[in-house]
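Enquirer: Residue numbers (UniProt numbering): 4 to 804.
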Ligand code: 26Q
């Protein structure tokens, strides 16, 4: 469709085109006739970056002049994805760019798709940090995101004979046009060594030092009024090159210090649960925390001269325990280096710090052996011991300490050093109070607060789903992009058949685009009128992708029994990576791929049921899948998924949820209404009770013939004829201990899926339910979440109206 281009856009397009050509010539050094797609993308990115930069510098000036409180978000992960389209959308330049590029013989869609994802995160926690950065800028809260500029982000996933293979990710192979390198801001970070007392003062003499160099990427908010930096640190050697060794012919040795130092920022750890306690991981944590805190204090001391003002001017948020060493480091900077009395230093640090917990899974709670920790950070170990002693002195009846099982418990340290600790959904926050932090909650009853996660509607609706966005804007105006609660203005239109038809047509159009892409890139022909049913997230036992595939097998068997029946056609879409050392998760991936091969080749059933596992799931792939989905699978064992954020993206884009009462599913169901949500399964309390029932899995299998039969197909080699034993491990796990209650929840899930199929048969009713999900998802904006943090945790105020 051709849009009538308004005058403003025409002017923007002309100016943008001139700037693209200017950058192509003078920044890239390429003539138009020789430019490749990547050169054009680079030129457009620089032209867009110029427009962000002015607003960014003005934002910093405004914050300085206001003497405003600053927010610092410390996170080992920022899962940004692509930046060009996001920037164009937020600057209101998407149409101008389309016109400008068309004039140059290029398609904007191809140019933006050429950008590699910045995959500096594993999953939910990292993507949340990215949504928060965008919302902070949209709201106009002066903030900096601090992290590591990994040379290699999360591994690229390939399948070989259905098995996951990991390849290095190379996002920096091409020039990265968004960042500003800051050679002037280099500072040193020490490790190891020993601690001295000199005239009553403590001095740490590190054995080793590396240099941290900052790279700033401006993150611009909606309508371009405000921008904040994402400041990522890169590690390098203090003396990068040993000329003496080189002159003696030792060429390899001459470069060694540099190679060694750089390993710190070389690669993102790809495991999002099991904490392996590796020294390099602890080095990464301290490296970026030390650099960030030095930077934060330097900024503070430029504007203020009284350290007592620190909590009034500085809020530091810890994204999980990964930056927990910020507690003792800030105490060290205040006490050892600035002479603040110890208890006062702890008090000031606590006034600045707050901590977000993202998991209660015991295997994911971070801890470090005292030996390893003290070897790398001897002074910090002493400080933690003193913090623990003082906290214990103040609360002698408190159960437990920071040191337990011979290890430093980073969750406890973070809790003790924070003035607020938050959970990421209502249910998760209540469970924090009852389980992991029960004792601490009793002595600090006001410390734990809830801030339910959210997602940015700019990326997760406006930009990824143009068909639906345009319909919404035509119906209720454009105010929803900044204030997502305005989606409730759709409510009066839900009874209008014409509106529901248009809503259904937008979804159908997205599904057609997705189907064409699947056919082109994966050779899979699918019916765009089939139900698109998606489970996209990291592969984990608690997320229960194996429950989904087992039920898919049961459905396939049922269709085989009666192929003439009136089956609702479905496409099952899977996406997600397994941690490289997580063998069970990798087996699940292989099983899904084997099931897909068998089912898609079945001439009897494939017109009703197809399965695809899309390799290398990432942010950009999510942006394709979510707008085209009808059904969102949120089927974790109740009590295990802290929040989920994909669940919110699906609901916003009009996919109905099939889900358990877990994480933010609970709040989604409350918002959209129970009649617009397919609930199944045990509650968190029932899960705990069920685990105590002897033989719970065996009993569940005896009670469900479809489950027994599906498990039978795992055992008899239906999906692995060349190796019949391949899936006995998965079958034994489910029939045995079944810690995540796959067997016990199966029958309820199977019944709910039958309800889903029946409901999808009535397309108008389904479309109305989908539209209700959109209309009632306004609360899940990360703008709402960030306002919650600003008000209840940071005490920060926006600097734009
Ligand atoms: C820890 C130690 C060593 C190496 C790696 C890690 C590590 C890395 C990443 C531990 C955990 C993570 C990521 C956790 C995560 O993504 N949690 C998810 O956070 C989301 C945002 O709050 C929630 O919505 C999800 O429910 C939660 O699983």
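Quick reminder that beta carbons are idealized off the backbone N, C-alpha and C, glycines included.
Remember, it's a predicted structure, so these values are computed and weren't measured experimentally.
Look at the alpha carbon of residue 517 and the alpha carbon of residue 88, and state the distance between them as a whole number of angstroms.
Expert: Against the chain shown, residue 517 aligns to sequence position 514. Against the chain shown, residue 88 aligns to sequence position 85. C-alpha separation (whole angstroms): 19 Å.
Enquirer: Taking the beta carbon of residue 6 as the centre, do at least 16 other beta carbons fall within 10 Å, making it buried, or is it exposed?
Expert: By one-based count along the chain shown, residue 6 stands at place 3. Only weak support exists for where residue 6 lies, its pLDDT of 45 falling under 50; the value from the coordinates is given anyway. Residue 6 should be labelled exposed.
Enquirer: What are the residues that DSSP puts in a beta bridge with residue 357?
Expert: Looking up residue 357 in the chain shown gives position 354. 320, 423, per the DSSP bridge assignment.
Enquirer: If I'm right that residue 139 touches residue 789 with Cβ under 8 Å, what's the distance once you round it to whole angstroms?
Expert: Within the chain shown, numbered from 1, the residue matching residue 139 stands at position 136. Within the chain shown, numbered from 1, the residue matching residue 789 stands at position 786. At roughly 6 Å, the Cβ-Cβ gap stays under 8 Å, so residue 139 and residue 789 are in contact.
Enquirer: Verify whether the separation of the beta carbon atoms of residue 785 and residue 134 is less than 8 Å.
Expert: Position 782 of the chain shown, counted from the first residue, corresponds to residue 785. Position 131 of the chain shown, counted from the first residue, corresponds to residue 134. Yes. Within cutoff.
Enquirer: How should residue 14 be labelled, buried or exposed, when 16 other C-beta atoms within 10 angstroms of its C-beta is the threshold for buried?
Expert: Your numbering for residue 14 matches position 11 in the chain shown. It counts as exposed.
Enquirer: Under 8 Å: do the region 608-619 and the region 569-587 share three or more Cβ pairs, one atom per stretch?
Expert: Yes, the region 608-619 touches the region 569-587.
Enquirer: Does residue 559 come out as helix, strand or coil in the three-state DSSP assignment?
Expert: Stepping through the chain shown from its first residue, residue 559 is reached at position 556. Three-state DSSP puts residue 559 in a helix.
Enquirer: What do you reckon, are the CB atoms on residue 172 and residue 122 nearer than 8 Å?
Expert: Locating residue 172 in the chain shown gives position 169, counting from the first residue. Locating residue 122 in the chain shown gives position 119, counting from the first residue. The answer is yes: Cβ separation under 8 Å.
Enquirer: Could you check if residue 457 belongs to the surroundings of the ligand 26Q, using beta carbon to heavy atom distance under 7 Å?
Expert: Along the chain shown, read from residue 1 onward, the residue named residue 457 stands at position 454. Outside the cutoff, so no.
Enquirer: Please report the distance separating the alpha-carbon of residue 23 from that of residue 197.
Expert: Taking the chain shown and counting its residues from 1, one reaches residue 23 at position 20. Taking the chain shown and counting its residues from 1, one reaches residue 197 at position 194. Using only the alpha carbons, I get a separation of about 54 Å.
Enquirer: Where does residue 685 fall in DSSP's three states?
Expert: Here residue 685 is taken as the residue at index 682 of the chain shown, counted from 1. It is coil, neither helix nor strand.
Enquirer: In angstroms, rounded to a whole number, what distance separates the CA positions of residue 521 and residue 111?
Expert: In the chain shown, the residue the question calls residue 521 occupies position 518. In the chain shown, the residue the question calls residue 111 occupies position 108. Spanning the two alpha carbons is a distance of roughly 21 Å.
Enquirer: Between the C-alpha atoms of residue 160 and residue 549, what's the straight-line distance to the nearest angstrom?
Expert: Residue mapping note: residue 160 aligns to position 157 of the chain shown, counting from 1. Residue mapping note: residue 549 aligns to position 546 of the chain shown, counting from 1. In a straight line, the C-alpha of residue 160 is about 19 Å away from that of residue 549.
Enquirer: Tell me whether residue 237 sits in a helix, a strand or coil according to DSSP, three-state version.
Expert: Indexing the chain shown from 1 puts residue 237 at position 234. Of the three classes helix, strand and coil, the one that applies to residue 237 here is strand, per DSSP.
Enquirer: Helix, strand or coil for residue 314, going by three-state DSSP, please let me know.
Expert: For the purposes of this step, residue 314 is identified with residue 311 of the chain shown, where counting begins at 1. Note: residue 314 maps to helix in three-state DSSP.
Enquirer: Which value, in whole angstroms, describes the spacing of the CA atoms of residue 710 and residue 547?
Expert: Taking the first residue of the chain shown as position 1, residue 710 is located at position 707. Taking the first residue of the chain shown as position 1, residue 547 is located at position 544. In a straight line, the C-alpha of residue 710 is about 15 Å away from that of residue 547.
Enquirer: At which residue ranges does the region 429-483 contain complete beta strand (DSSP E) runs of 3 or more residues, listed in the order of the chain?
Expert: The region 429-483 contains these whole beta strand (DSSP E) runs: 451-453.
Enquirer: Taking the alpha carbon of residue 494 as the point to measure from, which residue in 749, 528, 772 has its own alpha carbon closest?
Expert: The residue given as residue 494 occupies position 491 in the chain shown. Of 749, 528, 772, the residue nearest in Cα terms is 772.
Enquirer: Quick one: what's got a C-beta closer than 6 Å to residue 794's C-beta in the same chain, skipping five residues either side?
Expert: Taking the first residue of the chain shown as position 1, residue 794 is located at position 791. Taken in chain order, the list of residues that qualify is empty.
Enquirer: Measuring straight from C-alpha to C-alpha, what distance separates residue 4 and residue 799?
Expert: Residue mapping note: residue 4 aligns to position 1 of the chain shown, counting from 1. Residue mapping note: residue 799 aligns to position 796 of the chain shown, counting from 1. The predicted model places residue 4 with a pLDDT of 38, which falls under 50 and marks its position as unreliable, so this point remains unresolved.
Enquirer: Along the beta strand (DSSP E) that carries residue 129, what are the first and last residues, could you check?
Expert: Here the question's residue 129 lines up with position 126 in the chain shown. Note, residue 129: premise wrong, no beta strand (DSSP E); alpha helix (DSSP H) at 127-142.
Enquirer: Indicate the three-state DSSP secondary structure (helix, strand or coil) for residue 715 in the structure shown.
Expert: Counting from one through the chain shown, the residue named residue 715 turns up at place 712. It is helical.
Enquirer: By Cβ distance below 8 Å, which residues in the same chain neighbour residue 624 in space, the five residues on each side in sequence not counted?
Expert: Residue numbering aside, residue 624 sits at position 621 when the chain shown is read from its first letter. Taken in chain order, the residues that qualify are 539, 578, 617.
Enquirer: Terminal residues of the continuous alpha helix (DSSP H) containing residue 87?
Expert: Looking up residue 87 in the chain shown gives position 84. Per DSSP, residue 87 belongs to the alpha helix (DSSP H) from 87-93.
Enquirer: Less than 7 Å between the CB of residue 786 and some heavy atom of the ligand 26Q, yes or no?
Expert: Indexing the chain shown from 1 puts residue 786 at position 783. Outside the cutoff, so no.
Enquirer: Could you give the distance in angstroms between the alpha-carbon of residue 590 and the alpha-carbon of residue 730?
Expert: Your numbering for residue 590 matches position 587 in the chain shown. Your numbering for residue 730 matches position 727 in the chain shown. Computed Cα separation, rounded: 8 Å.
Enquirer: Should residue 781 go down as buried or exposed, given a rule of 16 or more other Cβ atoms within 10 Å for buried?
Expert: Locating residue 781 in the chain shown gives position 778, where the first residue counts as 1. Flag for residue 781 reads buried.
Enquirer: So what does DSSP say about residue 632, is it helix, strand or coil?
Expert: The residue you call residue 632 lines up with position 629 of the chain shown. It is coil, neither helix nor strand.
Enquirer: Would you say the beta carbon of residue 131 is closer than 7 Å to some non-hydrogen atom of the ligand 26Q?
Expert: Translated into the one-based positions of the chain shown, residue 131 becomes position 128. Checking the Cβ of residue 131 against the ligand 26Q gives yes.
Enquirer: Please report the residue range of the beta strand (DSSP E) in which residue 576 lies.
Expert: The residue you call residue 576 lines up with position 573 of the chain shown. Counting along the chain, the beta strand (DSSP E) containing residue 576 begins and ends at 573-578.
Enquirer: Return the CA-CA distance between residue 806 and residue 374, expressed in angstroms with no decimal places.
Expert: Since the first residue of the chain shown is 4 and the last is 804, residue 806 is not available in this structure.
Enquirer: Should residue 646 be counted as a contact of the ligand 26Q given a C-beta to heavy atom distance under 7 Å?
Expert: As a first step, residue 646 must be located in the chain shown, where it is residue number 643. Under cutoff, so the answer is yes.
Enquirer: Can you list, in chain order, the residues of its chain with a C-beta nearer than 6 Å to that of residue 424? Leave out the 5 residues immediately preceding and following it.
Expert: Position 421 of the chain shown, counted from the start, is the residue given in the question as residue 424. Cβ within range, chain order: 358, 418, 450, 451.
Enquirer: Could you name the residues of the same chain whose beta carbon sits closer than 7 Å to that of residue 170, not counting the 5 residues immediately before and after it, in chain order?
Expert: Indexing the chain shown from 1 puts residue 170 at position 167. Excluding residues within five positions, the ones whose Cβ falls inside 7 Å are 158, 159, 161.
Enquirer: Would you kindly work out how many angstroms separate the C-alpha atoms of residue 628 and residue 272, rounded to a whole number?
Expert: The sequence position of residue 628 within the chain shown is 625, counting from 1. The sequence position of residue 272 within the chain shown is 269, counting from 1. Whole-angstrom Cα-Cα distance: 26 Å.
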